[in-house]
Amino acid sequence: MKDKAYVVGVGMVPFQKPGKSESYDVMATAATRSALADAGLAYDKVEQAYVGYVYGDSTCGQRALYHVGMTGIPVLNVNNNCSTGSSALFLARQAVESGAVECALALGFEQMQPGAIGAMFTDRVSPFAAFDEETDDLVGNPDIPLALRYFGGAGKAHMEEFGTPLETFAKIRAKSSRHAAKNPVALFRQEVTADDVMAAQVVWPGVMTKLMACPPTCGAAAAIVCSKAFADKHGLDSSVRIAAQAMTTDGPETFNAHDMREVVGFSMAKRAADQVYEAAGIGPKDVDVVELHDCFAHNELITYEALGLCARGDAAKFVDDGDNTYGGKYVTNPSGGLLSKGHPLGATGLAQCTELVQQLRGQADARQVDGARLALQHNLGLGGACVTTLYEKV
Numbered sequence: 001m002k003d004k005a006y007v008v009g010v011g012m013v014p015f016q017k018p019g020k021s022e023s024y025d026v027m028a029t030a031a032t033r034s035a036l037a038d039a040g041l042a043y044d045k046v047e048q049a050y051v052g053y054v055y056g057d058s059t060c061g062q063r064a065l066y067h068v069g070m071t072g073i074p075v076l077n078v079n080n081n082c083s084t085g086s087s088a089l090f091l092a093r094q095a096v097e098s099g100a101v102e103c104a105l106a107l108g109f110e111q112m113q114p115g116a117i118g119a120m121f122t123d124r125v126s127p128f129a130a131f132d133e134e135t136d137d138l139v140g141n142p143d144i145p146l147a148l149r150y151f152g153g154a155g156k157a158h159m160e161e162f163g164t165p166l167e168t169f170a171k172i173r174a175k176s177s178r179h180a181a182k183n184p185v186a187l188f189r190q191e192v193t194a195d196d197v198m199a200a201q202v203v204w205p206g207v208m209t210k211l212m213a214c215p216p217t218c219g220a221a222a223a224i225v226c227s228k229a230f231a232d233k234h235g236l237d238s239s240v241r242i243a244a245q246a247m248t249t250d251g252p253e254t255f256n257a258h259d260m261r262e263v264v265g266f267s268m269a270k271r272a273a274d275q276v277y278e279a280a281g282i283g284p285k286d287v288d289v290v291e292l293h294d295c296f297a298h299n300e301l302i303t304y305e306a307l308g309l310c311a312r313g314d315a316a317k318f319v320d321d322g323d324n325t326y327g328g329k330y331v332t333n334p335s336g337g338l339l340s341k342g343h344p345l346g347a348t349g350l351a352q353c354t355e356l357v358q359q360l361r362g363q364a365d366a367r368q369v370d371g372a373r374l375a376l377q378h379n380l381g382l383g384g385a386c387v388t389t390l391y392e393k394v
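If you want it as structure tokens, here you go:
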């Protein structure tokens, strides 16, 4: 049996609106130093670094880490759309579990621009060309930004099949705001009600209001993973380990099913979750707290079903019953999630990691989930990649 990787240090900076943050390298340096301080470890003990970002020139990872130290270690830059941060963590964990290194750093950051996400290179074929074509065929509405059509279209498909009311998505956003109100590093900390969400600017009639979408965000987060022997040798807190982790990419159903839920990765996410449950020898019912990829309230809803938190078609009842929050079956996105905490693409997966490690350590303050022992993370990027991670308190 392979040795597990332990998360011994986490850190992040408060998320900000575009134009309000420090430069990407300053944010990344601060997040790295925060994770090192949390671990009680010097940078020269780190043997490899995996650094994730989506918007930036090559070797931004080196630029960020050279402020922390120039120790000559391998620095690998990672770009996997919105699952970039977790992809960096996946590689760091893999390096430790394989025995290639004893200690690795995963760092993610993003310095975003205002407005809807768009292509940066328009002189070549887009990696989303097939996704865009399928989206055009299934939902039309070319005047609406593509990201909204992807995930709004997935929510619309759920509404049409199961009669899910638009108000359900509003309730999800309201829940996220209640959680974020207790998170000092969240971008939006003002509570909103479901009625507020419904009354917000309509961006797709009958499908989405503006408050159902996450905002462009700037930020950085980091995690230090190591072997148990390394943690013991250096006197580090080894109370949280990665019990299982899986990464999946798109299967044929993404385009063959002609279903917007598949276009945005439903089965990709389900496969990753199923692999994690099988590897850990548990089921969804054993999980206490979840950080999942709620770039839109619609994606949170379909992800409940992909992760097995509820049965197919039961997501609206799951929300109405309060099973997605404190006092229910699973506390989902206690951080406020992408909807309220913000979504700096490269940092998101490591911010989720930070939240869940703090939950399992009992350090989440007003957001603390009582008795949390198993924490599930889901981080998805279109194009596509999904990383699902199970953390265990030991």
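If you use UniProt numbering, the sequence shown closes out at 394, no skipped numbers anywhere. Idealized CB from N, CA, C, for every residue including glycine. These figures come from a predicted structure and were not determined experimentally.
- According to the DSSP secondary-structure assignment, residue 221 is paired through a beta bridge with 12 and 108.
- The alpha helix (DSSP H) runs of length 4 or more contained entirely in the stretch 20 to 80 are, from start to end of the chain, 24 to 39 and 60 to 66.
- With three or more CB-CB distances shorter than 8 Å, the stretch 268 to 276 counts as touching the stretch 376 to 393.
- The beta carbon of residue 182 sits closer than 6 Å to the beta carbons of 366 and 367 from its chain, once the five residues preceding and following it are set aside; these are given in chain order.
- Between residue 298 and residue 109, the C-beta spacing is not below 9 Å.
- Per DSSP, reduced to three states, the secondary structure at residue 302 is helical.
- Judged by DSSP secondary structure, residue 381 falls within the beta strand (DSSP E) whose first and last residues are 374 to 381.
- Taking a cut-off of 8 Å for Cβ pairs, the stretch 133 to 141 and the stretch 257 to 264 touch, as three or more such pairs fall below it.
- The straight-line gap separating the alpha-carbon atoms of residue 113 and residue 122 is approximately 17 Å.
- Distances from the alpha-carbon of residue 239 to those of 250, 282, 175 and 227 put 227 closest.
- In terms of CA proximity to residue 305, 158 leads the group 230, 158 and 369.
- In the structure shown, residue 317 adopts helical secondary structure according to DSSP, grouped into three states.
- Distance from the CA of residue 173 to the CA of residue 234, rounded to the nearest whole angstrom, comes to 42 Å.
- For residue 244, no alpha helix (DSSP H) segment is defined; the enclosing uninterrupted segment is the beta strand (DSSP E) at 240 to 248.
- The straight-line gap separating the alpha-carbon atoms of residue 335 and residue 176 is approximately 8 Å.
- Taking a cut-off of 8 Å on C-beta distances, the stretch 53 to 69 does not touch the stretch 243 to 256, as fewer than three cross pairs fall below it.
- When secondary structure is reduced to three states using DSSP, residue 296 falls in the strand class.
- Between the stretch 72 to 87 and the stretch 203 to 214, the count of C-beta pairs closer than 8 Å stays below three; the two stretches do not touch.
- Here the stretch 10 to 25 makes no contact with the stretch 88 to 96; the two share fewer than three CB pairs at distances below 8 Å.
- DSSP places residue 231 within a helical segment (H, G or I) once states are collapsed to three.
- If you keep only unbroken alpha helix (DSSP H) runs of at least 4 residues inside the stretch 247 to 283, you get 253 to 256, 260 to 263 and 266 to 280.
- Within its own chain, the residues whose Cβ lies closer than 7 Å to the Cβ of residue 201, once the five positions on either side in sequence are excluded, are 209 and 210, listed in chain order.
- Bounds of any beta strand (DSSP E) do not take in residue 167; it lies within the alpha helix (DSSP H) bounded by 166 to 180.
- Here DSSP, grouped into helix, strand and coil, assigns residue 17 to coil.
- Residues of the same chain with a CB within less than 7 Å of the CB of residue 67, apart from the 5 flanking positions on each side, are 25 and 29 in chain order.
- Pairing residue 268 with residue 156, the inter-Cα distance amounts to about 19 Å.
- In the structure shown, residue 193 falls within a coil segment according to DSSP collapsed to helix, strand and coil.
- A residue is called buried once 16 or more other Cβ atoms fall within 10 Å of its Cβ, and residue 27 is buried on that count.
- Leaving aside the five residues that flank residue 244 on each side, the residues in its chain whose CB is nearer than 6 Å to its CB run, in chain order, 276, 279, 280 and 390.
- Classified as exposed, residue 285 has fewer than 16 neighbouring CB atoms from the shown chains inside 10 Å of its CB.
- Taking C-beta atoms as the reference points, residue 316 and residue 301 count as a pair closer than 9 Å.
- In the DSSP assignment, residue 133 falls within the alpha helix (DSSP H) that extends over 129 to 139.
- For residue 150, the enclosing alpha helix (DSSP H) stretches over residues 146 to 162.
- The alpha-carbon of residue 33 is positioned some 45 Å away from that of residue 165.
- For residue 246, the closest of 73, 42 and 86 by C-alpha to C-alpha distance is 86.
- For the pair of segments examined, the stretch 186 to 196 was found not to touch the stretch 352 to 364: the number of CB pairs separated by less than 8 Å stays below three.
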